[in-house]
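In what follows, a single structure is set out as structure tokens and then discussed.
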Amino acid sequence: MAILGRNDKCPCGSAKKYKKCCIDKEILKFENPKTHINLDDVKN
């Protein structure tokens, strides 16, 4: 599997650069919701 660069064409077929198309979707896949803190849960 080749590594996709930010300036490569997006593999979705849109003909846009990866950074302008689907890179945000990939980043969200790896974001862990447990690392976000809800301030209402922290209040006493």
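According to this note's numbering, the stretch in the sequence shown is residues 867 to 910, in order. C-beta atoms are modelled at their ideal positions from N, C-alpha and C, and glycine is treated no differently. Small disclaimer: the values here were computed from a predicted structure and weren't measured.
Other residues of its chain near residue 877: CB distance less than 8 Å, five sequence neighbours each side excluded:
Start at 1 with the first residue of the sequence shown, and residue 877 comes out as number 11. Contacts found: 870, 884 and 888.
Who pairs with residue 875 in a beta bridge, going by DSSP?
As a position in the sequence shown, residue 875 is number 9, starting the count at 1. Paired residues: 883.
Alpha carbon to alpha carbon, how far is residue 873 from residue 906?
Sequence index remark: in the sequence shown, residue 873 carries index 7 (1-based). Sequence index remark: in the sequence shown, residue 906 carries index 40 (1-based). One C-alpha to the other measures close to 40 Å.
Please report the distance separating the alpha-carbon of residue 868 from that of residue 875.
Taking the first residue of the sequence shown as 1, we reach residue 868 at position 2. Taking the first residue of the sequence shown as 1, we reach residue 875 at position 9. Rounded to whole angstroms, the gap between the alpha carbons of residue 868 and residue 875 is 13 Å.
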